[in-house]
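Data block below; observations after.
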Amino acid sequence: MLQHFGKKSSVYYKIFYPILSGSITYFLLLMAFNRIGELEESYFRTEWVVCIIISYFWNFSVLWSASFIGKKIAILSNIYEQIAYHSLGVLLSSILSIGTVLSVYFYYLIGYTRFENFTTEMYVFQGLFIFQTLLFECAWWGNRLIELKNKSIREEEKKRTAYISKEMRLFAEDANLPLLYETLETLIGLAYKDADKAEEYAEKLAKVYRNTINNRKEEFVSVEDAIKNVKSVVELLSDARSGGISASYKLPSDLSSSLVLPPVLLTRLIVAIANDNIASNLQPLDISITIEEDALLVVAHSFNPKLDRPKALPEVMDSLEETFRLYTKIPVLSIKKGKEYIIKLPAFQVENKAWKSDKKAEITTQDQSIFKRTTS
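Be aware that the sequence shown starts at 337, since it is given in the numbering used here, and climbs by one per residue.
Laid out in structure tokens, this is it:
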């Protein structure tokens, strides 16, 4: 609606403003040459029509030059430079168009042979239209500055919205809501059945979230610490699924302590796998975690998807890929092999063995030196 109104307003301006501008110019010319008394005889004179025609040419040249120059000066970062160049360019366009139209009128229609014959008229016309050009520039830049301000406000709003969305997403990742809901449902059931088991289960849940919160403050955690949290999560999920989830770990102690990962990701991956696949006594979900080629963490699980899949795993995989792209070009791989689904995550070697206590420890992938990273 506003765009339609804006287009109609632009059309009305192009049609009717030159009539108003030409009429005002005609009045001012009569006053400048002390001929205002001629209006008593007749207002509709040839000079009035000429002024309107000249105004149409002037209006077209000013509008075109304002649009053309406005696009060209967009590369300038300083708004004052933009205003100066734009105003100068539009003024020159106005002077050239008025000079050309008046020269054609006096030379070819009136029959003057020398510029000195209409010098005064030229100067008066130029002065009047230069004044109108300056008024046009004030209006044009007023509108332009309002547009820039609104654009800036919209960009700030987009940034604010993106920031809030990111914070909400990070909160959801930290909270690991699928795990929280499932374990709370199990905890409610245990509370009615066995208070001691419920208390033990609540302590395990609290430990998982305490570790999650502590790890979230770090840029990296060791694979060893990540696996400890995974084991607790698997125990919680196994109790919730009546023992339908089991996990095995083949991790050399020297590698699991020296390799690191971004925090929380491995836990979210295990929960997503449990959400998307059937895990029961009749159809158990088997998960295995190993280290391959000393730099890849391999998570394999039996592939038995639910009929109504929550599709949590694709979402988590997208998040994993987005995170790992910040650190390495090694891709996150997912492979379906028969009834097994394999996910390979790149791990990072720590050059400084005291990286936990040394904030300047360098963390790099095994084979790509450009990924050396120094934290401060």
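Every residue, glycine too, gets a C-beta built ideally from N, C-alpha and C.
When Lys529, Ala631, Phe467 and Ser568 are compared, the shortest CA-CA separation from Ser592 is found for Ala631.
DSSP places Ala608 inside the alpha helix (DSSP H), whose first and last residues are Leu601 to Asp612. With respect to Gln418, Leu424 sits apart: the two C-beta atoms are not nearer than 7 Å. Contact check for Tyr362 against Trp384 passes: the beta carbons are separated by less than 7 Å. Annotation for Glu657: the continuous alpha helix (DSSP H) segment containing it runs Ala648 to Phe660.
Shown here, Val634 sits in a strand according to DSSP, grouped into three states. DSSP places Asp590 inside the alpha helix (DSSP H), whose first and last residues are Ser589 to Ser594. Annotation: Ser582 to Val569 spans about 11 Å, alpha carbon to alpha carbon. In the DSSP assignment, Tyr421 falls within the alpha helix (DSSP H) that extends over Ile415 to Val440. Non-local beta-carbon contacts of Ala608 in its own chain, meaning distances under 6 Å to residues more than five positions away in sequence, involve Ala648, Leu649 and Val652 in chain order. The beta-carbon separation of Leu438 and Phe461, rounded to 6 Å, stays under the 8 Å limit for a contact.
Counting the other Cβ atoms within 10 Å of the Cβ of Glu536 gives fewer than 16, which makes it exposed.
Here the segment 652-665 makes no contact with the segment 623-640; the two share fewer than three CB pairs at distances below 8 Å. In this structure, DSSP gives Asp622 an extended state, which the three-state scheme calls strand. With fewer than 16 other CB atoms across the displayed protein chains lying within 10 angstroms of its CB, Gly447 is exposed.
Our two residues, Gln468 and Thr497, have alpha carbons roughly 43 Å apart in a direct line. A distance below 7 Å separates the beta carbons of Ile614 and Lys642. Leu573 and Leu605 do not touch by the CB rule: their CB atoms are close to 13 Å apart, not below 8 Å. Judged by beta-carbon spacing, Leu602 lies beyond the 7 Å limit of Ala576, meaning their Cβ atoms are not closer than that value.
Counting C-beta atoms within 10 angstroms of its own C-beta, Thr548 has 16 or more neighbours from the protein chains shown and is therefore classed as buried. For Trp477, the closest of Cys387, Gly580, Glu518 and Ile405 by C-alpha to C-alpha distance is Ile405. Taking Phe454 as the centre and dropping the five residues before and after it, the same chain places the C-beta of Leu438, Phe442, Ile446 and Tyr448 closer than 8 Å to its C-beta, in chain order.
The Cβ-Cβ distance between Asn551 and Pro599 falls below 7 Å. Where Tyr392 is concerned, the enclosing alpha helix (DSSP H) starts and stops at Thr382 to Lys408.
Looking at Ala402, Ser359, Lys495 and Glu452, the one whose alpha-carbon comes closest to that of Asn479 is Ala402. The C-beta of Trp400 has fewer than 16 other C-beta atoms within 10 Å across all chains shown, which makes the residue exposed.
For Ser578, the three-state secondary structure derived from DSSP is coil.
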